[in-house]
Amino acid sequence: MKKFSISTWFYFLIPSILGIVLFMIPLKFGNEWKVPIAKFADILSVALEPLMPMTAMIIIVIAALGSVLYLFVRADHAKPSFAMTLFKVSPFWTITRVIGAVFAVMVTFQIGPEAIVNENTGGLLLAPDGLVSFLFTIFLFAGLFLPLLLNFGLLEFFGTMMVKVMRPLFKLPGRSSIDALTSWIGDGTIGVLLTSKQYEDGYYTKKEAAIIGTTFSVVSITFSLVIIDTVGMSAYFLPFYGTVLLTGLILAFVMPRIYPLAGKQEEYIDGRPFTGDDEKLPEGYNVFSHGLEKALETANKNRSLGKVVSEGMKNVFDMWIGVAPVVMAFGTVALVLAEYTSLFTILGKPFEPILSVLGIPEAQAAAQTMVVGFADMFLPVILADGAITSELTLFVIATISVVQLIYMSEVGGLLLGSKIPINILDLLIIFLLRTLIALPIVAGVAHLLF
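In this text, residue positions in the sequence shown follow this note's numbering: the first is 36, and each later residue adds one.
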């Protein structure tokens, strides 16, 4: 193994340990456990609460106006400016950003149809404590501090050691283990952002990015506590979260091997084909020594603090401009359909006989909760709370709502707003397949418990 200076070791160890603490280790703040990065976002969100809806609206409108303007600007593929990378998107995404901006203006000034500005639809997303407002604060901290995970060798170190686990089981490179842990322990939104950044930087193929984004971006432990508490079953948190973990791992094994993820291209964002050569161990190395050497080489290349801060700020603006309008647009439409139409009730009808066969009580009432989670993960437990009395059924609904993973008001919107090659039809199919595969597993555990 090559020799490295003491300063290189410090550049590897200190930022990497700080990144692990900030993104992946839940700490107790008062009565709740949260990763520090999410707590920072909470504190800032509360401090800026009165300003957040207006601030979010202004940035979403800037994203829309910039994208419309850049439709008429020729792209410089050789050396695009930062503004070009922010605003130059396809006509489809330009229209999406414009729709998001229109919804944001309508909600902020309470003009237009009640269906859009209602506190359960667009108003829910753009409320002072709503998702879009919160995303601006989480993006600020996540964007600024993501280089701690990305730039100082942590991914190279763990990636080399975990490749023998992640590749055969989940068809993924070893470095994706950090994305998975960041999502499961920290927050699913941060996991999507981490995955998207690595895909754009050429570390993941199109297929790998799609698998990680739709398989491992699970809501955090904290969020799961809120879900089980909403249906009044917090005493069952350990078996509930154990079932989430078991089901999630089974789904992570199955989903990459079936449509639509199995059909995604095995090539990188720049068109390079996947060869697997970079995962082979050089002669004379084991996984630990090779991973450590790659980590130290990466740390040695990133000694400029100014460059790291600059990259962090670019991450922030990229997330604000690229993701927030998409979440506002798709999230509002999905919530309007859930609130004002019977679409999800109709779509849930086929689940009624499935639930009956699985021995789930109150199958008719539970069936509509099976699909409504595609709009927002909270909707199934909100619909179930008070309407369903069976503890077994409530346990199944709460667990399924978490393992479905794809919901348009957050993870779905984030994925569509990223450059990860996934479309809304893919997301709907993945959502339904995850539900169908998970139901027998979750129902089996529920029957053992109740």
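Built from N, CA and C at the ideal position, the CB exists for glycine as well.
Asked	Found
At least 3 beta-carbon pairs within less than 8 Å: the stretch 285-299 vs the stretch 454-474	yes
Cβ contact (3+ pairs, closer than 8 Å) linking the stretch 316-327 and the stretch 179-194	yes
Endpoints, the alpha helix (DSSP H) within which E235 is located	223-235
Whole runs of the alpha helix (DSSP H) within the stretch 102-188, excluding any shorter than 4 residues	117-122, 126-144, 149-152, 157-161, 166-185
Neighbour-count burial assignment, M412, 16 or more Cβ in a 10 Å radius	buried
L229 vs T217 beta-carbon contact at 7 Å	yes
Secondary structure of K63, DSSP reduced to three states	strand
The stretch 122-134 / the stretch 98-108 touching (three or more Cβ pairs under 8 Å)	yes
Spatial distance of L471 from L286 (CA atoms)	11 Å
Endpoints, the alpha helix (DSSP H) within which P456 is located	Note, P456: premise wrong, no alpha helix (DSSP H); not H, not E.
Among A373, E397, A215, P208, the one whose alpha carbon lies nearest that of D312	P208
V358 vs G452 beta-carbon contact at 7 Å	yes
Euclidean distance between Cα positions of V124 and A91	20 Å
For T404 and S425, the rounded distance between their alpha carbons	14 Å
Sheet register partners of I423 (DSSP bridge)	D420
Beta-carbon spacing of V406, L390 below 7 Å	no
Within 7 Å, strictly: CB atoms of V176 and I72	The displayed chain sequence assigns Phe, not Val, to residue 176. Closer than 7 Å, so yes.
D353, buried or exposed, once every other Cβ within 10 Å from all chains shown has been counted against 16	buried
Pair within 7 Å by beta-carbon distance, L462 and G448	no
A373 to I263 span [Cα, whole Å]	21 Å
Length of the line joining the Cα atoms of T282 and L474	9 Å
Those residues which DSSP pairs with P308 across a bridge	E302
Continuous alpha helix (DSSP H) stretch holding T367: start and end	340-375
Enclosing alpha helix (DSSP H) for V392 [first to last residue]	386-392
Segment contact, 8 Å Cβ cut-off, at least three pairs: the stretch 157-165 with the stretch 79-89	yes
Proximity test, Cβ basis, 7 Å: V137 and chain C	Of the protein chains in this structure there is only one, and it is not chain C.
N-terminal and C-terminal residue of the alpha helix (DSSP H) that T380 is part of	378-383
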